[in-house]
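Quick notes on the structure that follows.
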Amino acid sequence: TAQKQDRFMGETVNYDEDSVPPYVLPPLLKTLKGKTVSNTTTWEKVRRPEIIHLFEENVYGYTPSAFDSIRYRVTNDEPAAMTGRAHLKEVAVSVWNRGKSVTINLVLFTPNKQSRPAPVFLLINNRGKRNTDPTRAVKSEFWPAEMVIDSGFAIAAFHVSDVAPDNKTNYQQGVLDQLFPEQLGRADGMKAIGAWAWAASRVMDYLQTDPAINPKQVAIVGHSRGGKTSLWAGAQDQRFAMVVSSCSGSSGASLARRQYGETISLINKQFGYWFNDNYKKYSHNEAALPVDQHMLLALIAPRPLYTTNAVEDRWADPRGSYLSVVNALPAYQLYDKKLTLPLEMPATNKPVWKSAIGYHYREGKHDLNLYDWTEVVRFAQIQFKTK
Ligand code: GCU
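Residue numbers (my numbering): 3 to 389.
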C-alpha cells in the first residue's frame with residue numbers, strides 16, 4: 003500500500019486524505035466590497051479583474067502590458083513536411099523594448115488536407131527541445147505532431163528557455179533582464195512563470211497574423227510547470243479559446259489549502275523563481291492567501307478548460323485538482339446554468355466531459371502522453387465543432 007507521508011527538504015509531505023486539514027476556500031463569487039456576483043456582467047467587469055489582480059499581487063507577479071515592437075521572421079518554410087501532410091514553418095518572434103530584444107522560436111505545423119484556417123494547439127515546452135523536433139527525426143508523445151495533424155489541427159510549440167531559463171541561477175536571462183528589468187526589483191514582479199505566460203501571448207500575437215490558423219481557435223497547452231503556465235496565460239489572455247493543463251499540481255490547478263503533496267512552502271523552497279516574492283509569505287500560511295487555485299480555473303470561464311491528473315502523481319494532488327475544477331464551476335454556471343459535475347473524482351481512465359469542462363484521471367505517471375492528447379483532441383473537436 004502507498005505511503006501516507008514522506009520527508010522532503012526537511013518537511014513532512016502529506017499523502018493521507020484523512021490528514022488533509024479542514025479549510026475554507028476564499029469566496030469566488032463575492033467582490034472585495036462584499037457584493038454577490040450573480041451575472042456575467044459583474045463577473046467580467048468587477049470580480050474577474052479583482053481575481054487577476056490578486057494572482058498578480060500574491061502569486062505570479064504583474065505582467066507588463068506594453069513593449070515597443072514585435073517582429074516575425076520565417077526562418078524555415080517547408081510546405082510539404084511530414085511526407086506532404088503538413089506545412090512546417092519556423093518563426094522567430096522577436097520582441098523589442100527600449101533597444102533590447104528577445105526572440106521566441108516557434109515551431110508550427112499546419113495541416114495540408116484542409117483549405118480553411120485550422121484550430122491549433124500551442125504547447126509551452128518545458129522539457130527537452132527534441133520533444134518538438136521540427137525535422138521529425140525524433141518523435142515524442144509529449145507533442146505527437148503527426149496524430150494532431152491527422153486529426154485536422156495545427157500544432158505549435160515554443161521552448162521556455164528562449165524566454166526565461168528554467169533555473170534559479172539564470173531565469174533572469176531573457177525577458178526579465180533584457181525587456182523588463184524593473185520586474186526583478188519588485189516583490190510583485192513577475193518571474194519565470196509570468197515570463198513564460200507573457201511569451202505565450204506574444205506567440206498568440208503571431209498566430210493571429212497567420213492565414214493558415216483560425217485565430218479564434220487557439221488552445222494553449224502545458225504540462226506540470228508548463229501546465230501552471232498555461233492556466234495563468236489562459237486566465238490573463240482571453241484570446242486563448244481553450245486551456246489544457248496536464249498534471250499542473252501545486253500552484254497550478256490544485257487547491258493549496260489541502261496541503262497534500264507539494265505545498266506552497268515546498269514549491270517556494272525548490273522553485274521560488276517561478277513566482278513573485280510575495281508568494282513566499284504564504285509558505286506554511288495557506289489560510290492567509292487571498293486566493294486559492296479554483297479561482298485561477300474560474301478565470302478561464304466560459305472558455306473550454308481541460309485538466310488532467312495521473313494516478314502515480316500524488317505530488318500534484320489529483321483530488322485537490324479535481325476539487326478545484328468543482329469549485330470553479332460557479333463561474334462557468336454564470337454562463338451555463340445547466341452545467342454540473344460529479345462531486346467525487348471520476349474513475350481512472352474515464353474522462354468526464356461536461357459542456358466546457360473536460361477532466362481525466364489516468365493511470366500511470368506524471369507526464370503528458372498520447373492518451374492525454376487523444377482525449378484532449380477529441381474534446382477539442384467537439385468544442386471547436388470541427389467534426
Ligand atoms: C517538480 C515541481 C512541480 C512541477 C514539476 C514539473 O516536481 O515540484 O511543481 O509541476 O516539477 O514541472 O514536472
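In this text, a Cβ means the ideal position worked out from N, Cα and C, and glycines have one as well.
Since the structure is predicted, the reported quantities are computational estimates derived from the model, not experimental observations.
Terminal residues of the alpha helix (DSSP H) in which residue i lies
i	result
TRP145	Neither: TRP145 is in no alpha helix (DSSP H) and is coded neither H nor E.
PRO183	Counting along the chain, PRO183 falls outside any alpha helix (DSSP H), and DSSP gives it neither H nor E.
MET347	Element bounds for MET347: n/a, residue is neither H nor E.
ARG50	50-57
ASP374	372-385
VAL205	194-209
Residue closest to residue i, alpha-carbon to alpha-carbon, out of the options
i	options	result
SER252	TYR262, TYR173, LEU110 and ARG50	TYR262
ASP369	ARG129, LYS32, PRO344 and GLY12	ARG129
ALA221	ALA156, TRP198, LEU257 and GLN174	ALA156
ILE126	ALA94, LEU257 and ALA235	ALA235
TRP317	GLY360, ALA194, ASP239 and ILE269	ILE269
SER247	TRP375, SER67 and GLN240	TRP375
LEU34	GLN240, LEU27, LEU56 and GLN185	LEU56
SER21	PHE10, ALA68, LEU30 and GLN5	GLN5
PRO81	TYR62, ARG75, ASN114 and GLY101	ASN114
HIS89	THR137, GLN174, THR65 and THR44	THR137
GLN335	TYR324, SER226 and SER357	SER357
TYR64	LEU343, VAL245, LEU186 and LYS102	LEU186
ASN311	LEU291, GLY366 and VAL140	GLY366
GLU59	LEU372, TYR284, HIS362 and LYS340	TYR284
LYS339	THR42, PHE381, TYR281 and ASP315	THR42
Through-space distance from residue j to residue i, alpha-carbon basis
i	j	result
THR171	PRO183	16 Å
ALA303	PHE277	24 Å
ASN99	GLY274	26 Å
GLY360	HIS286	31 Å
ALA158	ARG73	18 Å
PHE144	LYS271	27 Å
PHE242	PRO213	17 Å
LEU1	ASN78	The question about residue 1 has no answer here: the residues shown for the chain are numbered 3 through 389.
VAL95	ARG75	7 Å
PHE69	VAL177	11 Å
VAL223	ASP152	18 Å
First and last residue of the uninterrupted beta strand (DSSP E) at residue i
i	result
LYS218	215-225
VAL15	13-16
LYS91	88-99
Minimum Cβ-Cβ distance from residue i to chain C less than 8 Å
i	result
TYR17	Given the protein chain composition of this structure (a single chain), no chain C is represented.
Integer Cβ distance of residue i from residue j, believed to fall under 8 Å
i	j	result
ASP319	ARG260	6 Å
Across the stretch 343-359 and the stretch 47-64, are there enough close Cβ pairs to call them in contact, namely three or more that are closer than 8 Å?
no
Check whether the stretch 292-307 and the stretch 324-333 are in contact - that is, three or more C-beta pairs closer than 8 Å.
yes
Stretch-stretch touch, CB-based, cutoff 8 Å, three pairs: the stretch 102-122 with the stretch 199-210:
yes
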